[in-house]
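Peer 1:
Residue numbers (the numbering used here): 32 to 501.
1) State the Cα-Cα distance for the pair residue 211 and residue 224, rounded to the nearest angstrom.
2) With DSSP run on the structure shown, which of helix, strand or coil describes residue 345?
3) Cutting at 7 angstroms between CB atoms, please list the residues of its own chain near residue 328, excluding the five before and the five after it.
4) Going by the CB atoms, is the gap between residue 302 and residue 289 shorter than 8 angstroms?
5) The alpha helix (DSSP H) spanning residue 468 covers which residue range?
6) Is the closest heavy atom of the ligand ATP to the C-beta of residue 291 under 7 angstroms?
7) For residue 239, count the other beta carbons within 10 Å of its own beta carbon; 16 or more makes it buried, fewer makes it exposed. Which is it?
8) With burial defined as no fewer than 16 other Cβ atoms inside 10 Å of the residue's Cβ, what is the status of residue 489: buried or exposed?
9) For the alpha helix (DSSP H) containing residue 317, name the first residue and the last one.
10) Apply the 10 Å Cβ neighbour rule to residue 317 and answer buried if 16 or more other Cβ atoms are within range, or exposed otherwise.
11) What are the boundary residues of the alpha helix (DSSP H) that residue 244 is part of?
12) Take residue 69 and list the residues in its own chain whose beta-carbon comes closer than 8 angstroms to its own, dropping the five residues that flank it on each side.
13) Is residue 170 helix, strand or coil when you go by DSSP?
14) Could you say which of 422, 229 and 486 lies nearest to residue 410 if we only look at CA atoms?
15) Select from 336, 414 and 370 the residue whose C-alpha is nearest the C-alpha of residue 392.
16) Tell me the DSSP secondary structure of residue 367 in three-state form.
17) Could you check the C-alpha separation between residue 346 and residue 120 for me, to the nearest Å?
18) Might you give, ordered along the chain, the residues of its own chain that have their beta carbon closer than 7 angstroms to the beta carbon of residue 464, omitting 5 neighbours on each side?
19) Let me check understanding here. Comparing Cα to Cα, which of 404, 297 and 220 lies closest to residue 482?
20) Would you call the stretch 420-431 in contact with the stretch 365-373, where contact means no fewer than 3 C-beta pairs closer than 8 angstroms?
21) Give a yes or no on whether the C-beta atoms belonging to residue 276 and residue 98 are separated by under 8 angstroms.
22) Let me check one thing: in DSSP terms, what residues is residue 373 bridge-paired to?
23) Could you check the C-alpha separation between residue 438 and residue 82 for me, to the nearest Å?
24) Cα separation between residue 414 and residue 480?
25) Which of the three DSSP states is assigned to residue 387 in this structure?
26) Comparing C-alpha positions only, which one of 193, 127 and 209 sits nearest to residue 180?
27) Using only the alpha-carbon positions, how far apart do residue 374 and residue 389 sit?
28) How big is the Cα-Cα spacing for residue 75 and residue 408?
29) Helix, strand or coil: which one does DSSP assign to residue 440?
30) Label residue 109 either buried or exposed according to how many other C-beta atoms from any shown protein chain fall within 10 Å of its C-beta, with 16 as the threshold for buried.
31) Could you check if residue 20 is buried or exposed, using at least 16 other CB atoms within 10 Å of its CB as the buried criterion?
32) Whole angstroms is fine: what's the gap from residue 104's alpha carbon to residue 269's?
33) Check residue 285 in the structure and name its three-state DSSP category.
34) Considering only residues of the same chain and omitting the five flanking positions on each side of residue 432, which have a CB-CB separation below 6 angstroms?
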């Protein structure tokens with residue numbers, strides 16, 4: 032056996048020495064257009080980075096509880112975690128190619144031969160045979176095809192980890208935003224309830240003046256219409272609040288109508304957090320890091336596709352035996368050693384096309400990384416601009432509401448004295464009601480922009496507690 036393999040030894044030695052040779056793809060050229068980007072100077076130089084658990088700055092125990100539940104039970108996160116486990120299994124399968132494979136084949140068969148003897152008698156020869164064989168095979172990693180394939184799987188696993196981190200941040204942002212919308216909706220319900228009582232009290236005043244001859248019937252009808260309008264607004268606000276509560280239930284992995292919340296007001300925001308430098312942001316953002324890991328993984332896939340165009344060398348060894356007596360198995364065994372070289376000569380361009388396909392996917396991954404990086408910078412800048420301007424809008428609505436309530440109070444005083452027309456009262460009630468709603472909506476949007484800023488900065492990644500993970 033050794034004698035027959037001697038002509039192959041020089042070839043095996045040469046190819047084995049060549050196994051350290053690697054086939055590399057062309058390195059991706061990353062556009063640096065975003066490296067010198069800056070944020071608008073809207074944050075104080077003394078600002079500090081947002082705390083890891085940024086949502087606790089809203090001082091809501093209900094939000095803190097919901098956040099813990101969402102990170103432990105959200106179904107979208109469970110799906111992403113399952114993809115992470117699948118990526119881990121793919122990596123282990125790819126790394127298995129670094130080791131030889133060993134298989135055992137064993138069997139027992141019966142052979143029966145029917146025939147006729149020389150004397151013309153029927154014969155029936157029956158034999159039982161036991162067979163077993165061990166086969167070992169190993170591919171020498173010429174051109175680093177196996178190594179690059181495994182490296183691509185490793186980088187793909189890292190990309191999936193970043194995907195899970197990004198999903199956790201996204202769920203935290205969605206939950207906090209939905210919570211703020213629910214709080215605003217609940218405040219609006221309470222606002223409409225208060226207004227309905229006020230409008231009903233005012234209706235009694237108008238009806239009293241009508242009975243005393245100080246008002247006309249149209250004044251009563253218009254005030255009644257205002258009461259009905261408040262009741263309709265209240266019904267719509269209650270429906271909106273209930274739908275948002277169901278949305279919160281879904282985010283924490285619960286069916287509708289399974290959670291309840293107590294009334295609370297929209298929070299007062301803490302100081303703006305520091306944004307840091309754009310380069311630091313790109314290192315913090317898991318979605319950007321995921322896109323970069325995808326670039327590196329695709330680059331390794333290109334190298335593996337190039338290596339697949341070159342010869343592949345494998346070693347194979349087998350030990351086998353077949354006998355009538357199972358106790359004598361492997362007493363007279365057969366050994367087989369072989370070296371196999373597979374070199375593609377003609378495939379109609381399939382391997383070349385695969386290389387070009389992987390290179391196109393690499394170009395796509397590079398473009399997606401650049402897009403993710405630029406969008407990450409824009410997310411922070413937009414959130415800063417929106418929160419700053421929205422804060423100015425909230426202050427304006429507050430001043431308008433103070434003036435409107437003062438004006439309405441004085442108009443009612445004049446109406447009681449008979450010096451003010453009812454139409455002025457009606458108009459003032461409607462405008463004041465609208466300003467109250469506008470203020471609540473503006474305050475909720477301000478909180479939403481702060482949540483967007485926290486989410487864009489990606490300063491921390493929420494994690495379930497050990498008890499929740501178990």
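Every residue gets a Cβ at the ideal spot worked out from N, C-alpha and C, and that includes glycine.
Peer 2: Reading from the atomic positions:
1) Our two residues, residue 211 and residue 224, have alpha carbons roughly 20 angstroms apart in a direct line.
2) The three-state reading of DSSP puts residue 345 in strand, counting E and B together.
3) Apart from the 5 residues on each side of it in sequence, residue 328 sits with its Cβ closer than 7 angstroms to the Cβ of 183, 186, 187 and 190 in its chain, given in chain order.
4) Their beta carbons are not under 8 angstroms apart, which means residue 289 does not touch residue 302 by this criterion.
5) Where residue 468 is concerned, the enclosing alpha helix (DSSP H) starts and stops at 453-488.
6) The model on display carries no ligand, and the ligand ATP is accordingly not part of it.
7) Burial call: exposed.
8) Around the C-beta of residue 489, 16 or more other C-beta atoms lie within 10 Å, and the residue is accordingly described as buried.
9) First-last of the alpha helix (DSSP H) with residue 317: 317-338.
10) Residue 317 should be labelled buried.
11) Note, residue 244: premise wrong, no alpha helix (DSSP H); not H, not E.
12) Answer for residue 69: 309, listed in chain order.
13) In the structure shown, the three-state DSSP call for residue 170 is strand.
14) The option with the nearest alpha carbon to residue 410 is 486.
15) Check the Cα spacing between residue 392 and each of 336, 414 and 370: the tightest is with 336.
16) In this structure, residue 367 counts as strand in the three-state DSSP scheme.
17) Looking at the two C-alpha atoms, the distance is approximately 26 angstroms.
18) Within the same chain, Cβ atoms closer than 7 angstroms to the Cβ of residue 464 are found at 226, the five residues on either side in sequence being excluded.
19) Of the candidates 404, 297 and 220, the residue whose Cα lies closest to the Cα of residue 482 is 297.
20) Contact between the stretch 420-431 and the stretch 365-373 is not established, with fewer than three Cβ pairs separated by less than 8 angstroms.
21) Their beta carbons are not under 8 angstroms apart, which means residue 276 does not touch residue 98 by this criterion.
22) According to the DSSP secondary-structure assignment, residue 373 is paired through a beta bridge with 343.
23) One C-alpha to the other measures close to 43 angstroms.
24) Note on geometry: alpha-carbon atoms of residue 414 and residue 480 lie some 6 angstroms from one another.
25) Secondary structure at residue 387: helix, using DSSP grouped into helix, strand and coil.
26) The residue among 193, 127 and 209 with its C-alpha nearest the C-alpha of residue 180 is 127.
27) Residue 374 and residue 389: Cα-Cα distance of roughly 21 angstroms.
28) Looking at the backbone, the Cα of residue 75 and that of residue 408 are separated by about 18 angstroms.
29) The answer is helix: DSSP assigns residue 440 an H, G or I state.
30) Exposed, since its Cβ has fewer than 16 Cβ neighbours within 10 Å.
31) Lying outside 32 to 501, the shown extent of the chain, residue 20 is not represented and no answer is given.
32) The alpha-carbon of residue 104 is positioned some 27 angstroms away from that of residue 269.
33) Residue 285: coil per DSSP, three-state reduction.
34) Same-chain partners within the cutoff: 466 and 470.
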